Amino acid sequence: MKRRQYVIGAVSFAVAFVIFVIPFIFVVINAMKSAAESARLDFRLPQKWQFWQNLTDVVQARDYMLLLAYFNSTVITVGAVTLLVIFGALVGYVLQRRPSRFSSFVYAFVLTGLMIPPAVVPTIWVLQEINLFKTLHGMILIQVAYGLGFTVLLYRAFIASIPRDLDEAAIVDGARPLQVFFRVILPLLEPVTVTVIVVQSIAIFNDFTHPLYYLPGRENVTVQLTLYNFQSQFVSQMNLLFMNILLVTIPPLIVFIFFNRQIVAGMTSGAVKG
């Protein structure tokens with residue numbers, strides 16, 4: 001039995017190493033090379049290490065577009081995650097604590113939102129009608145709409161593990177419904193809240209397709225779209241492209257490394273009772 005577990009663990013580690021670690025090493029090595037060396041796309045170490053030069057060129061490219069992209073991506077991520085935590089927790093609390101036909105309909109609507117793919121063109125029409133197309137505010141609302149279903153599911157499952165006696169005790173003491181939620185329930189949601197913040201932050205910060213569709217314009221560029229700076233039909237600066245990939249990848253990677261235990265804890269807390 002122990003031998004079987006050891007073999008399964010070794011195979012899992014080897015697969016994870018090949019899928020995640022080797023590509024990251026490839027990016028790091030080629031980000032240190034010159035343009036001619038990186039064009040070979042191999043694992044050979046650079047003859048001359050150009051980390052600082054490549055880093056400077058990437059940051060200064062197109063009038064410091066990367067810095068603007070970091071600012072835009074940070075604004076979108078912080079705004080969307082804040083709204084997701086507030087509305088996801090509120091909706092999850094109502095769905096779990098007040099079962100009814102209407103709440104069942106809303107829950108089915110949430111599940112439908114997870115299964116049906118987004119319609120790009122109608123969404124663009126709606127954003128144009130309400131004057132939110134090509135704006136950071138519109139992009140924040142798009143991210144909230146796409147991430148709310150998953151967030152509600154997590155909160156609803158976690159709230160199911162919190163005894164109803166706490167709600168009833170707070171009501172007996174004179175607390176109103178919103179006071180019960182914000183003063184009693186919300187502080188207990190810290191594990192799943194951390195999970196939502198980390199998972200959604202990484203997903204939104206790394207999002208490529210939605211800003212490409214709904215947020216055109218140089219002033220609205222996000223970090224993933226800066227990868228176009230070093231690729232064109234005729235010329236590709238692979239060393240700067242890999243350096244850009246490295247700069248975009250490092251922040252979410254650091255967040256995931258430090259909060260991976262909280263992610264697992266938050267996702268499994270409501271797995272037994274829900």
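Numbering follows the UniProt record's numbering, with no gaps: position 148 of the sequence shown is 148. From the three backbone atoms N, C-alpha and C, an ideal C-beta is built for every residue, glycine too. From a predicted model like this one, the values you see are computed outputs, not experimental measurements.
The Cβ atoms of L66 and V223 lie closer than 9 Å to each other. In the three-state DSSP reduction, S236 falls in the strand class (E or B).
For V120, the CB contacts under 6 Å within the same chain, skipping 5 residues up- and downstream, are Y213 in chain order. Under the Cβ criterion (8 Å, minimum of three pairs), the region 40-56 does not count as touching the region 251-258. Looking at the backbone, the Cα of A31 and that of F51 are separated by about 7 Å. Taking 9 Å as the cut-off, the Cβ atoms of L55 and I29 do not count as close. DSSP, reduced to helix, strand and coil, places P118 outside both helices and strands of the structure shown, so it counts as coil. Of the candidates D167, S34 and V15, the residue whose Cα lies closest to the Cα of Q237 is S34. Rounded to whole angstroms, L148 and F87 show a C-alpha spacing of 8 Å.
Between the alpha carbons of T123 and V144 lies a distance of about 13 Å. In this structure Y6 does not touch G92 by the C-beta definition: roughly 40 Å separates them, more than the 8 Å allowed. Of all alpha-carbon atoms in V198, H210 and T209, the one lying nearest the alpha-carbon of N260 is that of V198. In chain order, L240 place their CB closer than 7 Å to the CB of D57, counting only its own chain and leaving out the 5 sequence neighbours on each side. Per DSSP, reduced to three states, the secondary structure at I162 is coil, with no helix or strand assignment.
By the Cβ test, the region 190-204 is in contact with the region 75-82, since at least three Cβ pairs between them sit closer than 8 Å. Each residue's CA atom was taken as its position, placing Q200 and V81 some 7 Å apart. Between M139 and P216 the beta-carbon gap is near 11 Å, outside 8 Å, which marks them as no contact. Nearest C-alpha to F158 among A170, P177 and E190: E190.
Cα atoms of L186 and A89: separation of roughly 8 Å, rounded to the nearest angstrom.
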